[in-house]
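Each protein sequence line maps, in turn, to chains B and G. Using the working numbering, you'd call the opening residue of the first sequence number 1 and step up by one each time. Using the working numbering, you'd call the opening residue of the second sequence number 1 and step up by one each time. Virtual Cβ for every residue (Gly too), placed ideally from N, Cα, C.
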Amino acid sequence: MNMPVDSMEDLFKRPLADPINLSRRRFLTGTAIGALVLGFGLPLGSTRVQAAAGGGAVERGTQVPAFLEIRPDNTVYLRCPFMEGGQGTFTAMAQIVGEELDVDPASFVVEAAPPGEAYVVMDNGMRITGGSMSVRMSYPTMRRLGALARAMMLQAGAQRLGVPVSELSTEPGKVIHAKSGRSVAYGELAERAMDLPVPDPASVQLRDPSQFRWIGKPVKRLDAYDKSTGKAMYSIDLKVDGMLHAAVQHAPRLGMTVGSLRNEEQVKAMRGVHSVHRLPGAVAVVAERWWHARRAVEAIQVDWQEPTADSKVRPMPADFSSDAYLKRLATEKGPVRDDETEGDVAKALASAKTRIEATYNNQYLNHAQLEPPSALARFNGDGSLDVWLPNQAPDMFRADIAKRTGLDPSRITLHSPLLGGFFGRHFLYDSASPYPQAIELAKAVGRPVKLIWSREEEFVRDALRPVAAVNFRGALDNDGWPVAIEAISATEGPTEAIAGKQGEKLDPTALEGLSGKSYAIPNKRIAQIYVKGPAMLGYWRSVGNSLNDFFYESFLDELADKGGKDPFELRLRLLRDNKRLTTLLQAVGELSGGWKRGPFTAEDGSKRARGVAMASPFGTQTAVIAEVSIENGQVKVHDIWQAIDPGSIVNPAIVEAQVNGAVALGLSQTLVEEAVWVDGKPRARNYDLYPILPPARMARVHVRVIESGEKMGGVGEPPLPAVAPAVANAVAALTGQRVRSMPLSRHSFT
Amino acid sequence: MELRINQKTYQVDADADTPLLWVIRDDLGMTGTKYGCGLAQCGACSVLVDGNVVRSCVTPVAGVVGREVTTIEAIEHDEVGKRVVSTWVEHQVAQCGYCQSGQVMAATALLKHNPKPSDEQIEAAMINLCRCGTYNAIHAAVHDLAKGEA
Chain B
1 MNMPVDSMED
11 LFKRPLADPI
21 NLSRRRFLTG
31 TAIGALVLGF
41 GLPLGSTRVQ
51 AAAGGGAVER
61 GTQVPAFLEI
71 RPDNTVYLRC
81 PFMEGGQGTF
91 TAMAQIVGEE
101 LDVDPASFVV
111 EAAPPGEAYV
121 VMDNGMRITG
131 GSMSVRMSYP
141 TMRRLGALAR
151 AMMLQAGAQR
161 LGVPVSELST
171 EPGKVIHAKS
181 GRSVAYGELA
191 ERAMDLPVPD
201 PASVQLRDPS
211 QFRWIGKPVK
221 RLDAYDKSTG
231 KAMYSIDLKV
241 DGMLHAAVQH
251 APRLGMTVGS
261 LRNEEQVKAM
271 RGVHSVHRLP
281 GAVAVVAERW
291 WHARRAVEAI
301 QVDWQEPTAD
311 SKVRPMPADF
321 SSDAYLKRLA
331 TEKGPVRDDE
341 TEGDVAKALA
351 SAKTRIEATY
361 NNQYLNHAQL
371 EPPSALARFN
381 GDGSLDVWLP
391 NQAPDMFRAD
401 IAKRTGLDPS
411 RITLHSPLLG
421 GFFGRHFLYD
431 SASPYPQAIE
441 LAKAVGRPVK
451 LIWSREEEFV
461 RDALRPVAAV
471 NFRGALDNDG
481 WPVAIEAISA
491 TEGPTEAIAG
501 KQGEKLDPTA
511 LEGLSGKSYA
521 IPNKRIAQIY
531 VKGPAMLGYW
541 RSVGNSLNDF
551 FYESFLDELA
561 DKGGKDPFEL
571 RLRLLRDNKR
581 LTTLLQAVGE
591 LSGGWKRGPF
601 TAEDGSKRAR
611 GVAMASPFGT
621 QTAVIAEVSI
631 ENGQVKVHDI
641 WQAIDPGSIV
651 NPAIVEAQVN
661 GAVALGLSQT
671 LVEEAVWVDG
681 KPRARNYDLY
691 PILPPARMAR
701 VHVRVIESGE
711 KMGGVGEPPL
721 PAVAPAVANA
731 VAALTGQRVR
741 SMPLSRHSFT
Chain G
1 MELRINQKTY
11 QVDADADTPL
21 LWVIRDDLGM
31 TGTKYGCGLA
41 QCGACSVLVD
51 GNVVRSCVTP
61 VAGVVGREVT
71 TIEAIEHDEV
81 GKRVVSTWVE
91 HQVAQCGYCQ
101 SGQVMAATAL
111 LKHNPKPSDE
121 QIEAAMINLC
131 RCGTYNAIHA
141 AVHDLAKGEA
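Right, here's the structure in full:
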């Protein structure tokens, strides 16, 4: 009953008809192995690629045949530079390319493109799926790609119909010759079109946005049906011929090494076990079935050895406690490095009649995406390697695999299946991904191996959301308005953590959300004390903003309270010269039925209050109002109103879904979630002790999207950061209790 | 042992205590049912056993011998399941989609037992975790199904 899915056609249930354009056939005869078709390099001899290159460097996102195939049935196959992990990027890319190509996005089949220069389409010269960058950094390029392909269709149509291009136009999926009433479907022209040289990128004209049919519309997601019927395939679901399964037991602390295995012979004799392996910091069992592998590997009694001085990973000390570490951060003295300064904070603080100080901190978090990490590795007969793995940056992963294996990147075919959630989990974090182990095991056993990390093995190796302790000082003028704010954050940002050291410049991902605020406070200082900690750190949805906006926006309410100001009015005043943010704040007030802080009595008799907060993450502006009550000593969030201004958007339905999702994750970190470490180990290694937001704790979410027309910002992460402070500010309004740390489940309320 | 899954009979050679989930996924090759936690915490592995929703990651395979198991692969063969799927699509519930097989199974089980659940009954039944935060869309979809509006 095995169902080998050894080809991407099987995986994604694509039509069986062979694609008709020649470029595709060339790809297939290139480096593809067996039935696998991804991972080809562009055939350099191809006339069309040379034409696109114009003899020199290829302009970004112009190699049309590398991205698009149009099939005889008029479906369009798009190799997408970005990974789909729920954020809707496959659908958005189909809308963007389809708009200019003149094909209904519903006719698209989208998969993640392999690594390669051709797919480096972002304005910043990168190709990653993160930082809420996919659409905003590739929008003009992907539009132009569609327009170039349309121009090729027109050219092919002119040849086919024997008329000048100037007499032709297009309708969705076909070229039209109005004069003679004739038309040709794209599917019939594709072979001819894709063998044409790609036109000069400067020669194509983009569609007037007022004429958009799909961009800006709530186009249905392309993956909704497959994801509602179990047909969608993730890394964990894949299978190739001859494959074995593997499970690991990680060292309880990173850096520890494998000593003796006390019961190796007994484990080898367990049912289904193929072999037992020693890996860096882990033992593994390879078996015919994953359940056998897991049961056996968990039975191994390992004498773990303490890390040695030459450990290649960041060793986790045996006495590490996250609570103690947070206390220590709060008392760190320096050195202090300034990130953002304005005016003279020291002087303003010294001369002000009213000053306040407060210390905030946050908690470590796991990504806790529902799909546990896995990797499938297969060495082929010719020594080349295929790897299937969840990732947000295929070129970086391939380069890393090349480094680890000594293989030339051209010999490595990297496949990027759908992500069962990511939230920052699948960047390149040393020691936090299963693929190095899977590759080593596949090599050792001479057969393909799929390694799945159990939830427990995932939680002990996940790269954590960073923590900070921030010491604030603020000063008010004689009328109670803020005149100075100082925030000194003792922290290690995720980027400097991955680098292993502080850079010459401050890590922007450490301070974003403290820095970059728009409030007109004349004297400000945002600074960092770099503290390298023992935990492995990573990016977590909205990154630094996920903690820093909680700190800043909460402290801003403290300033308002101290000065006797309403927090909504205070923000309006501090933003009075900023039209975009004033509009946004007023919009969220309006959306909530008019700002009211409370406390007030709701219709059900419960006492409630509201809080407000704002954030400016990833080029987007957000404002949130939260309404809370207290139930059994804990905070109940009833409603979240969010106004979001990403400048302009591609799909309002997906934006609204992303706001819902970001609110859920924001509430999760605010209310219940924390990765607590004791004695160098995580207290929780599964959802039983690591609660994530359950349905019962979700709030109603009300969204207003504002398209100010400003430069396009991100969507996936921006709706998260303002949630926590809006809730904390509401709690303070309701209870008088100012909470300066997350999660709120650590506190009790009356 | 002999299993009845999606109205077909399978001969399976597995230890009695093997979780049903891994028999379905690895022995039978049906991967729509997902592994999320292995501890009956998240519900991604939900299947129907004699019409009741169970978490297959902690259900020993021997326990379903002689019973009728339904997985997501056959959900559209069920009249209620088919309506649930089309409503899921209509509401555009899924984001990453990883938990949604389990969510669809849970909704189908609820509606088969109680075609008109109240909002409170929906909340009591729809307890699977979703890290993408699709909870409001799930609730709205089941609410529509309960009201016969889907």
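I need the boundaries of the alpha helix (DSSP H) containing residue i, first residue and last residue.
{"i": "tryptophan 291/B", "result": "290–299"}
{"i": "histidine 143/G", "result": "135–146"}
{"i": "serine 228/B", "result": "224–228"}
{"i": "glutamate 553/B", "result": "545–562"}
{"i": "histidine 702/B", "result": "Element bounds for histidine 702/B: not the alpha helix (DSSP H) but the beta strand (DSSP E), 700–705."}
{"i": "lysine 403/B", "result": "394–405"}
{"i": "tyrosine 186/B", "result": "186–194"}
Since residue i is in the beta strand (DSSP E), which residue starts that stretch and which ends it?
{"i": "valine 375/B", "result": "Just to set this straight, residue 375/B is alanine in the shown sequence, not valine. First-last of the beta strand (DSSP E) with alanine 375/B: 374–379."}
{"i": "aspartate 639/B", "result": "634–645"}
{"i": "threonine 354/B", "result": "354–361"}
{"i": "aspartate 119/G", "result": "Premise fails: aspartate 119/G lies in the alpha helix (DSSP H), 119–125, not in any beta strand (DSSP E)."}
{"i": "glycine 611/B", "result": "607–615"}
{"i": "serine 101/G", "result": "First-last for serine 101/G: 100–113, but that is the alpha helix (DSSP H), not the beta strand (DSSP E)."}
Since I believe residue j is in contact with residue i (beta carbons under 8 Å), could you give me their beta-carbon distance rounded to a whole number of angstroms?
{"i": "leucine 441/B", "j": "valine 313/B", "result": "Not a contact, Cβ separation roughly 19 Å."}
{"i": "valine 635/B", "j": "phenylalanine 472/B", "result": "22 Å between Cβ atoms; not a contact."}
{"i": "proline 482/B", "j": "leucine 585/B", "result": "Going by Cβ atoms, the distance from proline 482/B to leucine 585/B rounds to 16 Å, so no, they are not a contact pair."}
{"i": "valine 449/B", "j": "alanine 438/B", "result": "6 Å"}
{"i": "phenylalanine 459/B", "j": "tyrosine 690/B", "result": "7 Å"}
{"i": "valine 121/B", "j": "glycine 61/B", "result": "4 Å"}
Give a yes or no on whether the C-beta atoms belonging to residue i and residue j are separated by under 8 Å.
{"i": "valine 110/B", "j": "tyrosine 186/B", "result": "no"}
{"i": "alanine 728/B", "j": "glycine 563/B", "result": "no"}
{"i": "valine 175/B", "j": "leucine 145/B", "result": "no"}
{"i": "threonine 33/G", "j": "proline 60/G", "result": "no"}
{"i": "proline 599/B", "j": "leucine 734/B", "result": "yes"}
{"i": "threonine 509/B", "j": "threonine 491/B", "result": "no"}
{"i": "aspartate 645/B", "j": "glutamine 669/B", "result": "no"}
{"i": "glycine 716/B", "j": "glutamine 301/B", "result": "no"}
{"i": "isoleucine 122/G", "j": "histidine 139/G", "result": "yes"}
{"i": "proline 81/B", "j": "tyrosine 139/B", "result": "no"}
{"i": "valine 49/G", "j": "valine 69/G", "result": "yes"}
{"i": "asparagine 362/B", "j": "serine 741/B", "result": "yes"}
{"i": "leucine 537/B", "j": "proline 434/B", "result": "no"}
{"i": "leucine 129/G", "j": "cysteine 42/G", "result": "yes"}
{"i": "arginine 525/B", "j": "glutamate 486/B", "result": "yes"}
{"i": "glycine 148/G", "j": "serine 454/B", "result": "no"}
{"i": "glutamine 100/G", "j": "serine 228/B", "result": "yes"}
{"i": "tyrosine 753/B", "j": "glutamate 674/B", "result": "Since the first residue shown for chain B is 1 and the last is 750, residue 753/B is missing from the structure and cannot be characterised."}
{"i": "methionine 698/B", "j": "asparagine 136/G", "result": "yes"}
{"i": "alanine 722/B", "j": "methionine 614/B", "result": "yes"}
{"i": "alanine 125/G", "j": "alanine 106/G", "result": "yes"}
{"i": "leucine 786/B", "j": "threonine 405/B", "result": "This structure does not reach residue 786/B, given that chain B is present from 1 up to 750, and the question cannot be answered."}
Any heavy atom of the ligand FMN within a distance shorter than 7 Å of the CB on residue i?
{"i": "arginine 83/G", "result": "Among the ligands in the structure shown, none appear at all, so the ligand FMN cannot be discussed."}
(request) At 4 residues or longer, and completely inside the region 474–524 of chain B: list those alpha helix (DSSP H) runs for me, N to C. (result) 494–499, 508–511
(request) Using a Cβ-Cβ cut-off of less than 9 Å, list which residues of the region 20–39 of chain G approach chain B; keep chain order. (result) Leu21, Trp22, Val23, Arg25, Asp26, Asp27, Leu28, Gly29, Met30, Thr31, Gly32, Thr33, Lys34, Tyr35, Gly36, Cys37, Gly38, Leu39
(message) Going residue by residue through the region 257–341 of chain B, where are the continuous alpha helix (DSSP H) segments of at least 4 residues, counting only ones entirely within it?
(response) List check, alpha helix (DSSP H) in window: 264–268, 290–299, 322–330.
(message) If the cut-off is 7 Å on Cβ atoms, which residues from the region 357–377 of chain B count as contacting chain G, listed in chain order?
(response) Ala368, Gln369, Leu370, Glu371, Pro372
(request) Quick one: which residues of the region 415–438 of chain B get their C-beta closer than 8 Å to a C-beta of chain G? List them in chain order. (result) Flagged, chain order: Leu418, Leu419, Gly420, Gly421, Phe422, Phe423.
(request) Check each residue of the region 196–227 of chain B: if its Cβ is closer than 8 Å to any Cβ of chain G, include it; give the result in chain order. (result) Against chain G - using a Cβ distance shorter than 8 Å - the residues of the region 196–227 of chain B are Lys220, Arg221, Asp223, Ala224, Tyr225, Asp226, Lys227.
(message) If the cut-off is 8 Å on Cβ atoms, which residues from the region 669–700 of chain B count as contacting chain G, listed in chain order?
(response) Of all residues in the region 669–700 of chain B, those with a C-beta nearer than 8 Å to a C-beta of chain G are Asn686, Tyr687, Asp688, Ile692, Leu693, Pro694, Pro695, Ala696, Met698, Arg700, reading in chain order.
(message) At a CB distance below 7 Å, what residues from the region 70–87 of chain G approach chain B? Give them in sequence order.
(response) Going along the region 70–87 of chain G in chain order, one finds Ile72, Glu73, Ile75, Glu76, Val85 with a Cβ nearer than 7 Å to chain B.
(message) So if I threshold CB-CB distances at 8 Å, which residues from the region 103–122 of chain G count as touching chain B?
(response) Correct list: Val104.
(request) For the region 266–298 of chain B, enumerate the residues whose C-beta is nearer than 8 Å to any C-beta of chain G, in chain order. (result) Arg271, Arg289, Trp290, Trp291
(request) Identify each residue in the region 462–476 of chain B for which the Cβ-Cβ distance to at least one residue of chain G is less than 8 Å, and report them in chain order. (result) none
(request) Identify each residue in the region 127–141 of chain G for which the Cβ-Cβ distance to at least one residue of chain B is less than 9 Å, and report them in chain order. (result) Ile127, Asn128, Leu129, Cys130, Arg131, Cys132, Gly133, Thr134, Tyr135, Asn136, Ala137, Ile138, His139
(request) Mind listing, in chain order, the continuous beta strand (DSSP E) runs of no fewer than 3 residues lying wholly within the region 408–471 of chain B? (result) 412–415, 449–452
(request) Taking only beta carbons into account, state which residues of the region 243–254 of chain B come closer than 9 Å to chain G, listed in chain order. (result) His245
(request) Report the residues of the region 633–665 of chain B with a CB closer than 7 Å to any CB of chain G, ordered along the chain. (result) Against chain G - using a Cβ distance shorter than 7 Å - the residues of the region 633–665 of chain B are Ala653, Ala657, Asn660, Gly661, Val663, Ala664, Leu665.
(request) Could you name the residues of the region 79–98 of chain B whose beta carbon sits closer than 9 Å to any beta carbon of chain G, in the order they occur along the chain? (result) Glu84, Gly85, Gly86, Gln87, Gly88
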